[in-house]
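Protein chains in written order, with UniProt numbering: chain A, 1 to 425; chain B, 1 to 425.
Positions of the beta carbon are idealized from the N, C-alpha and C atoms, including for glycine.
What follows is a short report on a single structure.
Have a look at this one:
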């Protein structure tokens, strides 16, 4: 019942109706373990049995799935092994434990015929485990490279954008909750190395080899190097790299200069990104929130849904064709395009005469449309000028009404253009 | 046996060993149907039974999975329905057929208890169906927006980068095989609308509603609008957008201005990208090759592997924990970091005296290291100058040897920095 645990509980409650439609049965939290039952939490525990001993919960509670979000390597290992011993599927976000002891844990799970799912262990809400393990399963994978520690990426972004020193950027990250009080695991590259060991195993079909990852953290990156790198056309990011090299592999985590015109270089702040190179698909990239209670809970709940779908169906029909159970599909009214809201780009060809702009803007104002940006260009060659503008977000019918009115003005020529303006990331 | 079919056959052959390790059994193509058996093909059909009637193949051949890559809506539908009638799982890339007739096809499949898999129908090699249907299944999805037609994105990119007209960019795309002789399906937005209908169904739990997608193509986008949009700080892309709007949804495909500092705006050429917004995960983005025989084959084979894994195992153990079957994991030697090759960034603090650069570059040359970029800065305040450079790609030990030699020079001060330089997208 830490940050991620509370996130999972909230998510399973808040999205319960859709999750039931996807799974075909409801997914209910019946038992939780907490270290301190008296502590206040940002989630509703009513109707849930609260244990103060996680291992006892797993040994005794009547549950179908165990979700381990304790972290660390002692109690968490006991919990997972106890669940496996009872034949209970396990969902965990514990990258450190899996990277270091995963070979033994997965072997125990295999012997017991139990699933141990761990989408949340790498890159938070980005479904990268599923993508590599299933979505790209037809490929021989040549490399996986990623920004998979949000703390480091936040610090390096701050240093690049504000010119701050490592120490100052770290202090900011700590203040905002993006870095732990003891930041060594993150800024030393260890957390990224844990995740890289997991990615390499599923990409290359090798056992987890955390101990062989070459690790260099970001504590010695200076604003000066970031600035010089920019002059050369690069950004400095902490990259985790797993790459085939003949019959061997490279496993390394280190600050890396990457060209500033690549997508990876644009991934700033606490975001994570992973780029996979497969021999059929070429490069495929994934980006999103790599940490935080809700993003990590998204991955945990995806695993819970996988397990639940498998428990209530036969192997051929684990995932319904259209994601939701067929009898749970519901027709939704599709909004007529006239009612859709967006910002609009408008370009008009107008006669080059006085009063044009004031009449155009008066019409927009009369329809309660604000102008976010405007550009007027003098005539080139002919006698027509160009006016282009971007509006505020408005329903399309309002824009069209205003446009029709503008087009009736004597000085507006044929040949206007209108496109919608959207922002999705 | 068109472009994608040949890609699938090559991929299943070329990656056979790894695919067997992932599935736990081999996946073999035993029968193919071709329109013209005499035509030369870029794949090896030896040992494969060749039919000239796809429907007969499906009705009579002794196969476990049917892969439909015919395209179109007549024979393809017959093939899929025949496979369903025989209880054979189907893998298809046919977005037009699914978008328009998917409700009936999925209902027939459900009644027969047969899987119809279609990862390849949307965004080629990007595993976006799996991501939304499984990886983000814990989220209530608010919107899906994407660049999902590579032809349009290539044309718009050409227009933006070269200032070409739509007609000229289309002609280039046709010459390079990125556009069909009859480009209407692509440039008219219809292909993107087909894919959007599929994405909306799995995101929102609604039946396929292709007929209700508002569609506007790119034929009327001009270089002038692209240029003005750039002045405003935007790129013009053909976006497909599915968005919740209260109890309704918006489904629309149209040229769209998007801010040029977003990741989506950087997705150029034939690449595809999809951004999903979930209520737990926030924004998650995916990009990669959206078309082409090999990228689409990657998605087809992923579906074949899903089906094969389900056929040979029980529902709880469809996907092995580490992607490959436990007894197929193989330890791989990890290359010592000294032997890893990369380019290097080096910054040295040096005394401000003559001959410094020539001695440094002589050492690099003696170690057979080329310099890709170099920068020398005059002293500021103190009496030390800064030299920074980027090398060619070399084994780390060679760089370290050269660095050690440089650091022994009397004019080189303490406080150097070295970082690796990589490019992954």
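With respect to the 8 Å criterion, residue 272(B) and residue 150(B) are classified as neighbours on the basis of their beta carbons. Counted as a single uninterrupted DSSP element, the beta strand (DSSP E) harbouring residue 372(A) occupies residues 371 to 377.
If you ignore the 5 residues before and after residue 157(B), its C-beta comes within less than 7 Å of the C-beta of 268 and 269, all in its own chain and listed in chain order.
Pairwise C-beta distances place the region 327 to 347 of chain B out of contact with the region 302 to 313 of chain B, as fewer than three of them are shorter than 8 Å. When secondary structure is reduced to three states using DSSP, residue 254(B) falls in the strand class. Judged by their CB atoms, residue 89(A) and residue 122(A) are not nearer to each other than the 8 Å cut-off.
Of 182(A), 97(A), 197(A) and 91(A), the smallest CA-CA separation from residue 253(A) is found for 197(A). Contact of residue 253(B) with chain A is not assigned, every C-beta pair being separated by 8 Å or more. When C-alpha distances from residue 62(A) are compared across 48(A), 73(A), 70(A) and 260(A), the shortest belongs to 48(A). Within the region 380 to 392 of chain A, contact with chain B at the beta-carbon level (separation under 8 Å) is assigned to 386, 388 and 390. Distance check between residue 21(B) and each of 78(B), 79(B) and 319(B) places 319(B) closest, using alpha-carbon atoms only. In this structure, 304(A) is the residue among 304(A), 173(A) and 104(A) with its C-alpha nearest to the C-alpha of residue 5(A). Near chain B, meaning a CB-to-CB distance below 7 Å, the residues of the region 320 to 331 of chain A are 321, 322, 323, 324, 326, 328, 329, 330 and 331. The CB of residue 232(B) comes closer than 8 Å to the CB of 345, 373, 375, 388 and 390 in chain A, given here in chain order.
The bridge partners DSSP lists for residue 239(B) are 254(B). Taking C-beta atoms under 8 Å as the contact rule, residue 140(A) and residue 279(A) qualify, at a distance of about 5 Å. Of all residues in the region 107 to 135 of chain A, the ones placed with a Cβ closer than 9 Å to any Cβ belonging to chain B are 107, 109, 110, 113, 114, 115, 116, 117, 118, 119, 124, 125, 126, 127, 128, 129, 130, 131, 132, 133, 134 and 135, in chain order. Listed in chain order, the non-local C-beta contacts of residue 405(A) below 7 Å within the same chain comprise 363, local neighbours out to five positions each way being set aside.
When only Cα atoms are considered, residue 295(B) and residue 70(B) end up about 17 Å apart.
Pairing residue 396(B) with residue 282(A), the inter-Cα distance amounts to about 27 Å. Residues of chain B with a Cβ closer than 7 Å to the Cβ of residue 266(A) are, in chain order, 263 and 266. Against chain A, the CB of residue 6(B) has no partner CB under 8 Å away; the residue lies outside that interface. Taken through DSSP and simplified to helix, strand or coil, residue 210(B) comes out as helix. Residues of the region 286 to 302 of chain B whose Cβ lies closer than 7 Å to any Cβ of chain A, in chain order: 286, 287, 288, 289, 294, 295, 297, 298, 301 and 302. Under DSSP, residue 348(B) forms a beta bridge with 387(B). Listed in chain order, the alpha helix (DSSP H) runs fully inside the region 23 to 87 of chain A are 54 to 60 and 75 to 85, counting runs of at least 4 residues.
DSSP places residue 178(A) outside both helix and strand once states are collapsed to three, so it counts as coil. Partner residues in the beta bridge of residue 272(B), as assigned by DSSP, are 288(B).
Rounded to the nearest angstrom, the Cβ distance from residue 202(A) to residue 322(B) is 6 Å, consistent with a contact under 8 Å. Taking 8 Å as the threshold, the shortest C-beta distance from residue 149(A) to chain B does not fall below it. The continuous stretches of beta strand (DSSP E) do not include residue 312(B), and DSSP gives it neither H nor E.
Cα atoms of residue 31(A) and residue 64(A): separation of roughly 11 Å, rounded to the nearest angstrom. Within chain B, the residues 423 have their CB atoms less than 7 Å from the CB of residue 259(A), given in chain order. Residues of the same chain with a CB within less than 6 Å of the CB of residue 33(A), apart from the 5 flanking positions on each side, are 51, 54 and 57 in chain order. Residue burial is scored here from C-beta neighbours: residue 380(B) has fewer than 16 other C-beta atoms within 10 angstroms and is therefore classed as exposed. Chain A has no Cβ within less than 8 Å of the Cβ of residue 153(B).
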